Each structure stands twice: as structure tokens, then as C-alpha cells.
Amino acid sequence: MRSDREGTAVRRASGERDDARGGRIVRLGPADLIGVGIMGLRMRKVRAVLSALGISVGIATMVLVTGIPASSQQALLDKLTALGTDRLKAQPLVPEGQKPIKLPPQAADMAARIGPVTATSEVANTHQPIRRTEDGDPDDTAALTVLATRPNLLRLVGGSVHTGRFIDARTAALPTVVLGYKAAGTLGFSRLPAGKDAPLLRLGDRWFTITGILDPMPLDPDLELSVFVGWDAARHYLGFDGHPTVIYAKAPDEAIDTVKSVLAATVYPPLPSFVRVTNPSDVLTAKRATQSAYSTLFVALAGIALAVGGIGVANTMYISVLERRREIGLRRALGASRGHIRGQFLTESVVLSLLGACAGAVIGALSTAGYAVTQNWPVVIPLDTICAGIAASVVLGVLAGVYPSVRASRLTPTEALATT
Numbered sequence: 000m001r002s003d004r005e006g007t008a009v010r011r012a013s014g015e016r017d018d019a020r021g022g023r024i025v026r027l028g029p030a031d032l033i034g035v036g037i038m039g040l041r042m043r044k045v046r047a048v049l050s051a052l053g054i055s056v057g058i059a060t061m062v063l064v065t066g067i068p069a070s071s072q073q074a075l076l077d078k079l080t081a082l083g084t085d086r087l088k089a090q091p092l093v094p095e096g097q098k099p100i101k102l103p104p105q106a107a108d109m110a111a112r113i114g115p116v117t118a119t120s121e122v123a124n125t126h127q128p129i130r131r132t133e134d135g136d137p138d139d140t141a142a143l144t145v146l147a148t149r150p151n152l153l154r155l156v157g158g159s160v161h162t163g164r165f166i167d168a169r170t171a172a173l174p175t176v177v178l179g180y181k182a183a184g185t186l187g188f189s190r191l192p193a194g195k196d197a198p199l200l201r202l203g204d205r206w207f208t209i210t211g212i213l214d215p216m217p218l219d220p221d222l223e224l225s226v227f228v229g230w231d232a233a234r235h236y237l238g239f240d241g242h243p244t245v246i247y248a249k250a251p252d253e254a255i256d257t258v259k260s261v262l263a264a265t266v267y268p269p270l271p272s273f274v275r276v277t278n279p280s281d282v283l284t285a286k287r288a289t290q291s292a293y294s295t296l297f298v299a300l301a302g303i304a305l306a307v308g309g310i311g312v313a314n315t316m317y318i319s320v321l322e323r324r325r326e327i328g329l330r331r332a333l334g335a336s337r338g339h340i341r342g343q344f345l346t347e348s349v350v351l352s353l354l355g356a357c358a359g360a361v362i363g364a365l366s367t368a369g370y371a372v373t374q375n376w377p378v379v380i381p382l383d384t385i386c387a388g389i390a391a392s393v394v395l396g397v398l399a400g401v402y403p404s405v406r407a408s409r410l411t412p413t414e415a416l417a418t419t
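Mapping of the sequence shown onto numbering that gives the first Met the number 0: position 416 corresponds to residue 415, and the numbering continues sequentially without gaps.
Encoded structure:
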């Protein structure tokens, strides 16, 4: 009686079931199939770990060769964006033998209504002489320009304040000025005196208080040579007529070309050909070329890494079949079908690939984050690449296990058990 119960247990472990007529129907459900596949890996833990390590290295390499360059690329793109690749500038041309056209006072608001535009600002040349003293010679500062401006100009052009503060909503109507970096050097100011009265500067016939000095803006040399006064203050104290001379518009990189094509007609509808819109900076071209070059590199390196991992799994499963021929023969003798043998080895291959891929993804992500932090780069973990890599690993696991599983299923019980 005990012997019969033991035989039944062995047959059930091999997927056998007894029907009502005493015959044997061999069945193996998905849960049983997964259990058998995992059991094969657990019985050879060291080999399973080493096999999974192969594909882990492949996936980790894939994450690294995409994550580290992506982090580096993002750091570079952030720097390029800071240089003004998302900004356009529109200004009127000077027709030969004629006076320059005047943009309408509402030109900046008109530009802001262009769909992709996220921000606009404006400046206007007030054509006022600059003097440090009552009797100073304006010719000494002829290279400098007095610009009426809006409080949001500095944020839009990516500038920063070296000392003091820029024009804001509270000072826009007051007789205060801010000096561009080179303008401050020309006028003999490097910093504002701490704890003392702010220095004064004469614009036209009016004294203005200097409240700030800007940092260098290498992409906007005209602004470095400018003295800034609030828009309302310029109208009140300097007789400014409200017509801007330069319109700045900011938009996403991918929409810059679209905005450029309509900006001139938007800010000056009567004669858009008389308005010059600056092309996107050459840096934008370099930025797009960088993105394209990196993308091509990512695909090539990721493909190589996955191919190496797939070859490793195929090799492991093929050797596994050679080593486990006696086990295969025993299972066939206990009633396992060829389909069960194929399913067992395919399951082992897929589980091996999946475990290795998940471990590799974690290792690669942590390594990428660690390296990016040491380089002061933004951490970019390409989740779509990780998901695609894991999915591709499972597919490779299936492909890598097809031949070994078919070879194992073709072994007859006599042939397999006769192997020494």
C-alpha cells in the first residue's frame, strides 16, 4: 500500500493523473510548468547564478551605455539651453535712405499670443546721453545705450545680477537704473558700495540711482553695453514714446522654427519683411546634432549588449541539456511527454533571462546614478530602455531555449538513461 502511494506521488510530480478507468493522462498546467522550471534552477544554484550573471552583465551594460551618456547629454543640453537656444529676437530693419520703422507699442503682447510662445519681453532705445557728472562729456559713453525694459527681461534672456538688484514692479516707475557688465566697467563701477548711498548717473537731464550691476551675457553683447531703466520711468522722465526696438520671444526648442516663421508678421503686420528675426543660435544646430549622434550610439551599444546576453543564455541552456540527460530520461520514463520536456527547458531559459535582466537593470540603474552624481550631472535613468531591455531579454530567453529544449525533448528514455 505504501509503495503504491509513493509511486502515485512520483507520477504526480511528473505531471501524471489517474482517470476513472485506471489509465494515465499526463498533464502539466502553467503553475506546474513554472514550478518544474524553477526547481531545475534551484537544484543547481551556483550554475543558475553564474548563468544569470551573464545576462545581468549584458542588461547592466545596456543601462550604463544608455544611462551615462543620457545623463551627460542632459547636462550638455541644459548648458546649451542656458545659452539661449529657446529664444528668438525680432527687431526692425533700417531701410536704405529711410528712417527705421517703429514697432507698435503692443508688439510684445502680440508675440505672446503665438501658440508655442511661453514668454516675451522687450527693450527700447531711448537715445539718451549718459554722464557720470554734471559737466561730463557724453562722447565718453557714446558706446553705451540707455534701454527701457520690462522687469521680466533678465529671466527671459537668462541673465543674472552681479550686485544689487534688477528692475522690478516696485522700481519700474522710479528713477533707478541697472548697469550691464561692460557698461559698469566703462563707467568705472565694479560693485555697489555697501552701507553707503547708491551712486548716481545722469541720463539726459535727470539723475538716476544705480541699483544693480549685471553679470556678463556673452550671447547678448548689446545688453552688456546697456544701461537699463524701467519702462514707465523711461516714459515719465526721458520722454520715451513706448515703441519697442527689440522683442524677445521664448518657445520650446521644437517649436522655434514655427515661431520664427510667423514672428515678423505678428509684431509688424504691415511690412513683415522690414523686421529681422534672428535665426536660432548655432548652438541649437549643435544641440540637435548631439541628440542624433547620441541616439545612434545608444541603439548600437544596446543591441550589442543584448546580443551578448542572449548568446550566454543559449550556451548555458545547451550545456544544461548535455549535463541533464539522465534527468530527462528519468522524467520521460515516468511519463513526461516531449511537450513537458520542451516546456521545462523553455521555462528555465525564460526565468533565467528574466531574473538576470531584472538584476542587471537594478545594477545598471544604481551604477548610472552613482556615476552621474560624482560628475554633478542630472541623473537620467531611461525607463523605456530598461523595460525594452527586460522584454527583449525574455524574448531572447525564449529564442535561446528553443533549440536546447527541442534537443532535450527528442531524447528517448532509453537513450537518455544510458548516458554515463
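Backbone N, C-alpha and C fix where the C-beta goes; we use that ideal spot for every residue, glycine too. No experiment lies behind these values; they were computed from the predicted model shown.
Around the Cβ of residue i, are there at least 16 other Cβ atoms within 10 angstroms (buried) or fewer (exposed)?
{"i": "Val64", "result": "buried"}
{"i": "Pro269", "result": "exposed"}
{"i": "Gln97", "result": "exposed"}
{"i": "Ala299", "result": "exposed"}
{"i": "Thr132", "result": "exposed"}
{"i": "Ala168", "result": "exposed"}
{"i": "Ala193", "result": "exposed"}
{"i": "Ala141", "result": "exposed"}
{"i": "Ile318", "result": "exposed"}
{"i": "Glu121", "result": "buried"}
{"i": "Leu365", "result": "exposed"}
{"i": "His424", "result": "No information on residue 424 is available, as it lies outside the stretch 0 to 419 that the chain covers here."}
{"i": "Ser50", "result": "buried"}
{"i": "Lys181", "result": "buried"}
{"i": "Val45", "result": "exposed"}
{"i": "Asp17", "result": "Because Asp17 carries a pLDDT of 43, less than 50, the predicted location of this residue cannot be relied on, and the following value inherits that uncertainty. Asp17 is exposed by the Cβ-count criterion."}
{"i": "Asp219", "result": "buried"}
{"i": "Ser70", "result": "buried"}
{"i": "Gly21", "result": "Confidence in Gly21 is poor, its pLDDT being 44 and thus under 50, which makes the residue's placement unreliable; the coordinate value appears in the next sentence. Classification of Gly21: exposed, given that the 10 Å Cβ count is below 16."}
At the level of alpha carbons, what is the spacing between residue i and residue j?
{"i": "Leu224", "j": "Gly187", "result": "13 Å"}
{"i": "Ala197", "j": "Lys88", "result": "33 Å"}
{"i": "Val276", "j": "Thr60", "result": "45 Å"}
{"i": "Ala107", "j": "Gly355", "result": "57 Å"}
{"i": "Gly57", "j": "Leu146", "result": "59 Å"}
{"i": "Ile119", "j": "Ala171", "result": "Residue identity check: residue 119 is Thr in the sequence provided, not Ile. So the alpha carbons of these two residues sit roughly 17 Å apart."}
{"i": "Thr373", "j": "Arg154", "result": "29 Å"}
{"i": "Ile389", "j": "Leu52", "result": "14 Å"}
{"i": "Arg164", "j": "Ile385", "result": "46 Å"}
{"i": "Val461", "j": "Asp240", "result": "No answer is possible for residue 461: it lies beyond the span of the chain, which begins at 0 and ends at 419."}
{"i": "Asn314", "j": "Ile255", "result": "52 Å"}
{"i": "Ile67", "j": "Val307", "result": "20 Å"}
{"i": "Pro128", "j": "Leu200", "result": "11 Å"}
{"i": "Arg62", "j": "Pro381", "result": "Position check: residue 62 holds Val in this sequence, whereas Arg was assumed. Rounded to the nearest angstrom, the two C-alpha atoms are 8 Å apart."}
{"i": "Arg363", "j": "Asp85", "result": "The sequence given here has Gly at residue 363, not Arg. Roughly 33 Å between the two C-alpha positions."}
{"i": "Val48", "j": "Ala371", "result": "29 Å"}
{"i": "Leu351", "j": "Ser55", "result": "10 Å"}
{"i": "Arg23", "j": "Val401", "result": "The predicted position of Arg23 is uncertain, since its pLDDT is 49 and thus under 50; a value taken from the coordinates is nonetheless stated next. Going from the Cα of Arg23 to the Cα of Val401 covers about 28 Å."}
{"i": "Ala399", "j": "Ala391", "result": "12 Å"}
{"i": "Phe344", "j": "Arg337", "result": "11 Å"}
{"i": "Arg190", "j": "Gly157", "result": "21 Å"}
{"i": "Thr257", "j": "Val274", "result": "16 Å"}
{"i": "Gly203", "j": "Val93", "result": "25 Å"}
{"i": "Glu326", "j": "Arg341", "result": "13 Å"}
{"i": "Pro99", "j": "Leu152", "result": "23 Å"}
{"i": "Met216", "j": "Gly179", "result": "9 Å"}
{"i": "Val9", "j": "Leu353", "result": "Caution is warranted here: a pLDDT of 38 is assigned to Val9, below 50, making its placement in the model unreliable, and the coordinate value is therefore given only provisionally. The straight-line gap from Cα to Cα measures roughly 29 Å."}
{"i": "Asp221", "j": "Gly359", "result": "52 Å"}
{"i": "Ile166", "j": "Val226", "result": "11 Å"}
{"i": "Ala264", "j": "Thr185", "result": "38 Å"}
{"i": "Glu95", "j": "Trp376", "result": "50 Å"}
{"i": "Gly369", "j": "Ile310", "result": "29 Å"}
With DSSP collapsed to three states, give me the class of residue i.
{"i": "Glu121", "result": "strand"}
{"i": "Ser159", "result": "coil"}
{"i": "Thr132", "result": "coil"}
{"i": "Thr384", "result": "helix"}
{"i": "Gly238", "result": "coil"}
{"i": "Val274", "result": "strand"}
{"i": "Pro68", "result": "helix"}
{"i": "Tyr247", "result": "strand"}
{"i": "Lys181", "result": "helix"}
{"i": "Ile209", "result": "strand"}
{"i": "Pro427", "result": "Nothing in the structure corresponds to residue 427, since the chain is present only between 0 and 419."}
Give the C-beta separation of residue i and residue j to the nearest angstrom, bearing in mind that I take them to be a contact with Cβ-Cβ under 8 Å.
{"i": "Asp214", "j": "Ser272", "result": "No, Asp214 and Ser272 are not in contact; Cβ-Cβ is about 36 Å, not under 8 Å."}
{"i": "Ser348", "j": "Val405", "result": "The Cβ separation is near 12 Å, so there is no contact."}
{"i": "Ile212", "j": "Thr162", "result": "5 Å"}
{"i": "Pro104", "j": "His242", "result": "6 Å"}
{"i": "Ala110", "j": "Val266", "result": "6 Å"}
{"i": "Lys249", "j": "Val116", "result": "7 Å"}
{"i": "Pro91", "j": "Thr244", "result": "7 Å"}
{"i": "Leu262", "j": "Thr125", "result": "About 24 Å; that fails the 8 Å criterion."}
Do the stretch 159 to 179 and the stretch 208 to 216 touch if we need at least three Cβ pairs shorter than 8 Å?
Contact between the stretch 159 to 179 and the stretch 208 to 216 is present, because at least three Cβ pairs lie under 8 Å.
| query | Using 8 Å as the Cβ pair cut-off and three pairs as the minimum, do the stretch 225 to 236 and the stretch 67 to 74 touch? | reply | By the Cβ rule, the stretch 225 to 236 does not count as touching the stretch 67 to 74, because fewer than three pairs are nearer than 8 Å.
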